[in-house]
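These notes concern the structure reproduced below.
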Amino acid sequence: MKIYFTKNEHWYSKLLMWFEGSTMSHVGLGFFDDLGLVVDCTKPFSKVYHVDHWFSKYQIVQEIDVPLSPEVERLAYKRVVDTCLLKPYDWGAYAFAWVSIVRKVLFGTPYPDTNPWSSDDGFWCTEIFVPVVDILKDLDADLSGIDLASYSPQMVFDKLVTQGW
């Protein structure tokens, strides 16, 4: 499995990175190098892409190779697809992230640990990790105990880097 931290040329991507002082604005999970599948949670709903199509939309900023056995990678893929595929984008999480980032930049308000506007029925891009939190934790990539609906891609990346990834 691969974790792709990316950016694109959309104005909202550039604005998010500028406000946050980050280099990335999106994340997707890659599965099966031989098939080249990428799953992401984005507007208007979560989808599976062929890697070539996905990278026509996004530019890689950072890539993390997660060493999984073939059977664990199949399990991870099944969980992500079963949990996320065709689920709507979490507009509440998106709006709250924007409000929180602007408040942090303009007023110094700390970025919140939880996102009360998040919907259980939708997914914000970093929530793609929810179905595989335990698999990652077994590899010392611990994203448990955090509200992924409140984390930006840069925040997830930074957390993984502090854990040696």
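Start counting the sequence shown at 1156; every next residue gets the next number (the working numbering).
Where is the CB? At the ideal position from N, CA and C, for every residue including glycine.
In this text the structure is predicted, and so the values were computed from the model without any measurement.
Going by beta carbon distance, what residues of the same chain come within less than 6 angstroms of residue i, once the five residues before and after it are set aside?
| i | result |
| --- | --- |
| isoleucine 1219 | Ile1158, Trp1320 |
| histidine 1205 | Gly1191 |
| methionine 1172 | Ser1180 |
| isoleucine 1290 | Ala1231 |
Residue i to residue j, Cα distance in whole Å?
| i | j | result |
| --- | --- | --- |
| valine 1194 | glycine 1263 | 34 angstroms |
| aspartate 1189 | arginine 1258 | 44 angstroms |
| phenylalanine 1284 | leucine 1192 | 16 angstroms |
| proline 1286 | leucine 1230 | 10 angstroms |
| glycine 1247 | leucine 1294 | 31 angstroms |
| serine 1211 | aspartate 1297 | 30 angstroms |
Check the C-beta distance from residue i over to residue j and give it rounded, since I have them as a contact under 8 angstroms.
| i | j | result |
| --- | --- | --- |
| threonine 1178 | isoleucine 1215 | At roughly 11 angstroms, the Cβ-Cβ gap does not stay under 8 angstroms, so threonine 1178 and isoleucine 1215 are not in contact. |
| histidine 1278 | aspartate 1313 | It should be noted that the sequence gives phenylalanine, not histidine, for residue 1278. About 21 angstroms; that fails the 8 angstroms criterion. |
| serine 1299 | cysteine 1239 | Not a contact, Cβ separation roughly 18 angstroms. |
| threonine 1317 | leucine 1303 | Their Cβ separation, rounded to whole angstroms, is 16 angstroms, which puts threonine 1317 and leucine 1303 out of contact at 8 angstroms. |
What span of residues does the alpha helix (DSSP H) with residue i cover, start to end?
| i | result |
| --- | --- |
| threonine 1269 | Where threonine 1269 is concerned, there is no enclosing alpha helix (DSSP H), given that its DSSP letter is neither H nor E. |
| aspartate 1220 | No alpha helix (DSSP H) holds aspartate 1220; the beta strand (DSSP E) holding it covers 1214–1220. |
With a CB to CB cut of under 8 angstroms and the five nearest residues on each side skipped, what residues in its chain are close to residue i?
| i | result |
| --- | --- |
| tyrosine 1213 | Tyr1159, Thr1161, Lys1162, Asn1163, His1181, Gly1183 |
| proline 1199 | Pro1243, Tyr1244 |
Between which residues of its own chain and residue i is the CB-CB distance below 7 angstroms, once the five residues before and five after are set aside?
| i | result |
| --- | --- |
| alanine 1250 | Trp1272 |
Mind checking which residues open and close the beta strand (DSSP E) that includes residue i?
| i | result |
| --- | --- |
| valine 1311 | Looking at the DSSP string, valine 1311 is not in any beta strand (DSSP E); the run it does join, the alpha helix (DSSP H), is 1308–1317. |
| valine 1194 | 1192–1195 |
| lysine 1157 | 1157–1162 |
(message) For the pair the segment 1268–1276 and the segment 1230–1237, tell me if three or more CB-CB distances fall below 8 angstroms.
(response) Contact between the segment 1268–1276 and the segment 1230–1237 is absent, because fewer than three Cβ pairs lie under 8 angstroms.
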